[in-house]
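Enquirer:
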Amino acid sequence: MNQPRYKIVFDGQLMPEASLEMVKTNLARLFKSDLARIDSLFSGTPVALKRDLGEGEAEQYLNALQKAGAKVRKELDQAASLSLVPTEAETEQAVDAATPHMTCPKCGHEQAKASECSACGIIIEKYLARQAQLAEAAPAPAPVAAAASPYAPPQANVAEQLPQYSELKVLGVSGRIGRVRYLGWLMAMTLCFIPIMLIGTGIAAMSSTLAMLALGIVSIAAVVIGIFIGVQRLHDIGWSGWLLLVHLIPVVGSVFALLMLIIPGTQGVNRYGPPPPPNSTAVKVLAWLFLLVPVTGIVAAIAIPQYQGYVERAAEYQEQ
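Per full-length UniProt numbering, the very first residue in the sequence shown carries number 1; after that it's consecutive.
Structure representation (C-alpha cells):
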C-alpha cells in the first residue's frame, strides 16, 4: 500500500503577531523569488505551495513556512497518485515551488527538481530542516487547528518587550555606555567645567570665601556626574555599579580605572538593559581629544625643558 502524500496549502493568512511585509520578505527569501510574484500568493485563493510530499517532508516545510510567518496547512494530496505535473494555474501561483524546476534555497541556482543542488551541493531537505531549527528561537506559533478550550493554558506573551537600544541619560545610574562614549562624556564634562573654573578664579579675586564655596559646589557636581558615568560604564560590562568603590583603594583603583577603559561591553542585552546606541561623530571626536590630552601633556613635559635649555645655551654662546 502506497504511503499517503501531502501538499502544503496557503490562502494568504498570517501567523499571530506576524506583519505582512515581514512575511512577504521571508517567503521571497525562502523561494528565491521577487516580491511581485510573492504578492500573488496573498489574493485569498488557496494555493498549493508544495505537492507530493511524504509526511516527514510535509512537516519540515510546514514548520519552516510557519516560522516565516505564513499560516499554511498540510492536506492530503489526492492528485499525487495521478500526476506529478502541476496545472498551469498552479504553476503561476506557486512561485517556482510547484513547478518541475526548483531554486536552491541557499545559492539561488535554478535546476530540475532534485534532492541535491547541482551548484553548491547541499541536500535541500537537510538544509530546510536546519533553517527550521535555527528559527526555533522565535516565539512558537499557535496551533492552526487548536480549538478554544477553557482548560487550555494561557497563550499570552508576558515577556517584557525591551527596546533595541538603551536610553542615554547622563544624570542617572540606569542604562549602559560603551568605552568610546565613556571617554567622550568625560571629555565633555571636563570642557564644561573649564569655564566654570575660570569664573571661580575671578570670584577668588573678589572674595576668597565665595571662591572656596564655589569650588566646593563644582567639585561635588563633578564627582556626582563622574559616578553616574562610571556606573553606566560598569553596567555595560555587566558589573555592579558598587564596584566603583574600588577606586578608593590605592594602586588597585588605578588599575581598575584602566580596566574600565579596556574591557568591552556585553554583546546584546544583559541584566542592566539593552546595549547602548551607536556612537555619534561628536562622541568619537571627544573620545580622541580625551586620549590626546595626556599624550600632549607628556610631550610638552619633555619638550619644554629641552627647549628652555637650548635657549639658555644659545644666550650664553652669544654673550661669549
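Using N, Cα and C, we set each Cβ at its ideal position, and we do this for glycine too.
Within its chain, find whatever has a CB closer than 8 Å to the CB of alanine 132; leave out the 5 residues flanking it on each side and keep chain order.
Expert: Once the five neighbours on either side are set aside, the close Cβ partners of alanine 132 are Gln60, Asn63, Ala64, Lys67.
Enquirer: Quick one: Cα of alanine 48 to Cα of histidine 101, how far?
Expert: Answer to the nearest angstrom: the Cα atoms are 15 Å apart.
Enquirer: Using DSSP with H/G/I as helix, E/B as strand and the rest coil, what is asparagine 26?
Expert: Asparagine 26 falls in the helix class under three-state DSSP.
Enquirer: Compute the beta-carbon to beta-carbon distance between glycine 69 and alanine 18, rounded to the nearest angstrom, for a pair I have assumed lies under 8 Å.
Expert: Right, their Cβ atoms sit about 3 Å apart.
Enquirer: Considering only their Cβ atoms, is the gap separating threonine 45 from aspartate 77 smaller than 8 Å?
Expert: Cβ distance not < 8 Å, so aspartate 77 and threonine 45 don't count as in contact.
Enquirer: Locate the beta strand (DSSP E) running through tyrosine 310, then write down its first and last residues.
Expert: No beta strand (DSSP E) contains tyrosine 310, which is instead part of the alpha helix (DSSP H) from 281-319.
Enquirer: Provide the residue(s) that pair with threonine 103 in DSSP beta bridges, ordered along the chain.
Expert: Looking at the DSSP assignment, threonine 103 forms a beta bridge with Glu110.
Enquirer: Please state whether DSSP places valine 223 in a helix, a strand or coil.
Expert: Helix at valine 223.
Enquirer: Less than 8 Å separating the beta-carbons of isoleucine 217 and methionine 189?
Expert: Result no, Cβ atoms of isoleucine 217 and methionine 189 do not sit closer than 8 Å.
Enquirer: Could you give the distance in angstroms between the alpha-carbon of arginine 73 and the alpha-carbon of arginine 130?
Expert: Near 20 Å, if we compare the C-alpha coordinates of arginine 130 and arginine 73.
Enquirer: In angstroms, rounded to a whole number, what distance separates the CA positions of valine 251 and leucine 243?
Expert: Taking the straight line from one Cα to the other gives about 15 Å.
Enquirer: Any idea what DSSP makes of glutamate 17, helix, strand or coil?
Expert: If DSSP states are grouped into helix, strand and coil, glutamate 17 belongs with coil.
Enquirer: Are glycine 184 and valine 255 close, meaning C-beta to C-beta below 8 Å?
Expert: Going by C-beta atoms, glycine 184 is not nearer than 8 Å to valine 255.
Enquirer: Leaving out five residues on either side along the sequence, give the residues of the same chain with a beta carbon under 6 Å from the beta carbon of cysteine 104.
Expert: Around cysteine 104: Cys117.
Enquirer: By how many angstroms is the C-alpha of glycine 297 removed from the C-alpha of glutamine 232?
Expert: Straight-line Cα distance between these residues: approximately 28 Å.
Enquirer: If you follow the alpha helix (DSSP H) that arginine 130 is in, where does it begin and where does it stop?
Expert: Per DSSP, arginine 130 belongs to the alpha helix (DSSP H) from 124-134.
Enquirer: Please state whether the Cβ-Cβ distance between glycine 273 and glycine 175 is less than 8 Å.
Expert: In contact: glycine 273 and glycine 175 (Cβ atoms closer than 8 Å).
Enquirer: I'd like the span of the alpha helix (DSSP H) that includes alanine 188, first residue to last.
Expert: Counting along the chain, the alpha helix (DSSP H) containing alanine 188 begins and ends at 179-206.
Enquirer: For glycine 238, name the three-state secondary structure that DSSP assigns.
Expert: It is coil, neither helix nor strand.
Enquirer: The alpha helix (DSSP H) spanning glutamate 55 covers which residue range?
Expert: Start and end: 55-67.
Enquirer: How is the beta strand (DSSP E) around arginine 73 delimited, first residue to last?
Expert: Residues 73-76.
Enquirer: Using alpha carbons as the reference points, say which of Ile124, Leu258, Phe228 lies closest to valine 173.
Expert: That would be Phe228, whose Cα lies nearest to the Cα of valine 173.
Enquirer: Using the DSSP secondary-structure output, state which residues sit across from isoleucine 8 in a beta bridge.
Expert: Looking at the DSSP assignment, isoleucine 8 forms a beta bridge with Lys50, Lys74.
Enquirer: How big is the Cα-Cα spacing for alanine 204 and leucine 191?
Expert: The alpha-carbon atoms of alanine 204 and leucine 191 are separated by roughly 21 Å.
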